[in-house]
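For the first sequence, the numbering used here gives the first residue as 138, with consecutive numbering after it.
Even glycine gets a Cβ: it sits at the ideal position worked out from N, Cα and C.
None of the values given here were measured: they were computed from a predicted structure.
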Amino acid sequence: MTFSITTWNINSVRLRMPIVEQLLKERQPDVLCLQETKCPNELFPFEPFRALGYEHIEIHGQKGYHGVAVISKLPLSEGHRRDYCSVGDARHISVFLSPGGKRIRLHNFYVPAGGDEPDRSVNPKFGHKLDFVEEMRALRADSEDGVSSILVGDLNIAPLEHDVWSHKQMLKIVSHTPVETEGLLAVMREGNWLDLMRAHVPHHEKLYTWWSYRAKDWAAADRGRRLDHIWSSPDLGPHLKAIEVLKEARGWERPSDHVPVTAVFDF
DNA sequence: ATGGTCGACACTCGA
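Structure (structure tokens):
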């Protein structure tokens, strides 16, 4: 069977329901993982998802900020939420699912952006981001026998040289500083995670998932960053059939500044 | 070199 999973930082799920429905109708991923839903749990728009055949939904939201959700055509079980850094933010949710009989633990993350100043002594938000990534190091892709893992989300770090429009000009910009990129690569290495987007797209090719709202013309400037990621345990690598970054979604009506990223597997 | 744009919620914060 084919199994597809999409991750998208939606920057307010309620405001953006029209384009979320557009994505689901056009692409029909089996699972959609959202970040920055900015929606309290009691106000989450369950009905439009159910109407499109997405009957299995696990959410972790809060008022005003952050928030993550897993929306699925396939049954979900064993939902967990971890409060990274113990600050009460809704930035992680994990579920279990079995596409085609394959047992998979799925993690959906929204890593803190980290503010503007890349120095934890003057910017506590940057320290929080580093602490969050440090805590992610404990997460192993192959911790349980017979269970594969997928990790998706807005990790707010562009780890590789060609994950940003200008490596040199970005070295002191939060999201591409060495302490962040090395930290994220350590999470990947120590947890035995495979970067599926880069398994599919050569490292020398530019690859972005986010374009700032502040650019006059985001497409002409094309100063993007790869902040959104799909990782898996190594055993799923040979099953990966495609990666799609839906760049056109950045030009949709009232867009998010992030675009959907989809991985397609054959199990 | 600097300021530029969003969204939530209630005027400022986080991104």
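- His-217 has Ser-231 as its beta-bridge partners, per DSSP.
- Between Gly-320 and Leu-373 the beta-carbon gap is near 24 angstroms, outside 8 angstroms, which marks them as no contact.
- The segment 146–196 contains, as complete beta strand (DSSP E) runs of 3+ residues, the segments 168–172 (chain order).
- The C-alpha of Arg-151 is placed about 27 angstroms away from the C-alpha of Ala-295.
- Collapsing the DSSP output to three states places Trp-355 in a helix.
- Counting other Cβ atoms within 10 Å of its Cβ, Leu-161 reaches 16 or more and is therefore classed as buried.
- In terms of CA proximity to Gly-190, Arg-164 leads the group Thr-144, Val-205, His-395, Arg-164.
- For Lys-384, the CB contacts under 7 angstroms within the same chain, skipping 5 residues up- and downstream, are Val-396 in chain order.
- Rounded to the nearest whole angstrom, the C-alpha separation of Pro-339 and Glu-179 is 43 angstroms.
- Under DSSP, Asn-245 shares a beta bridge with Ile-230, Val-289.
- In this structure, the beta-carbon distance from Pro-185 to Met-154 falls below 9 angstroms.
- Annotated three-state conformation of Glu-381 is strand, per DSSP.
- Counted as a single uninterrupted DSSP element, the beta strand (DSSP E) harbouring Thr-399 occupies residues 398–403.
- For a cut-off of 8 angstroms, the C-beta gap from His-244 to Leu-288 is around 4 angstroms, short enough to register as a contact.
- Considering only Val-398, Asn-329, Glu-158, Tyr-247, the residue with the shortest C-alpha distance to His-203 is Tyr-247.
- In this structure, the CA atom of Lys-309 is about 11 angstroms from the CA atom of Ser-303.
- For His-299, the closest C-alpha among the options Trp-330, Pro-212, Leu-344 is that of Leu-344.
- Using a Cβ distance threshold of 9 angstroms, Val-205 and Gly-290 count as a contacting pair.
- For Ala-336, the enclosing alpha helix (DSSP H) begins and ends at 333–337.
- Sequence-distant partners of Ser-149 (beyond 5 residues in either direction) whose C-beta falls short of 6 angstroms from its own C-beta, in its chain, are Lys-175.
- Residue pairing by DSSP places Phe-140 opposite Phe-402 in a beta bridge.
- The alpha-carbon separation between Val-311 and Pro-261 amounts to approximately 13 angstroms.
- Pro-375 counts as exposed, since fewer than 16 other C-beta atoms from the protein chains shown sit within 10 angstroms of its C-beta.
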